[in-house]
Amino acid sequence: MSLFCKQCKSRRLPVILSESEKTMWLCENCKNFADIEDVIIREQTDEEIRENRRKLEEFENTTIAQGEKLVRRKGVN
2 MSLFCKQCKS RRLPVILSES EKTMWLCENC KNFADIEDVI IREQTDEEIR ENRRKLEEFE
62 NTTIAQGEKL VRRKGVN
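So the sequence shown is numbered by the numbering used here: it starts at 2 and just counts up by one.
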């Protein structure tokens, strides 16, 4: 299994759609799903794209950043 798409040579990401199915690899440029044998199965549907965007927005809205708090130092020239 190549981690790079055959069509556009960009990186693929693993996606698990359900527990009963095997992991498919999604090329974010071509929007194609490939299996472990590097065979293109299907394209990502508009509904899946909208669902991923909704999940990302929900994650960004509910996640609180636990990084450093930026504080301006006083008394420094």
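In this text, a Cβ means the ideal position worked out from N, Cα and C, and glycines have one as well.
query                                                                                                                : result
Inter-residue spacing [alpha-carbon to alpha-carbon] between D39 and F5                                              : 10 Å
Residue burial classification, C28 (beta-carbon count within 10 angstroms, cutoff 16)                                : buried
Backbone CA spacing between K70 and E61 [nearest angstrom]                                                           : 18 Å
Reduced DSSP secondary structure (H/G/I, E/B, other) of R12                                                          : strand
Cβ-based burial, R12 [other Cβ within 10 Å; buried from 16]                                                          : exposed
Neighbourhood of I50 by C-beta distance below 8 Å, restricted to the same chain and skipping five residues each side : K32
Helix, strand or coil at E48 according to DSSP, with G and I counted as helix                                        : helix
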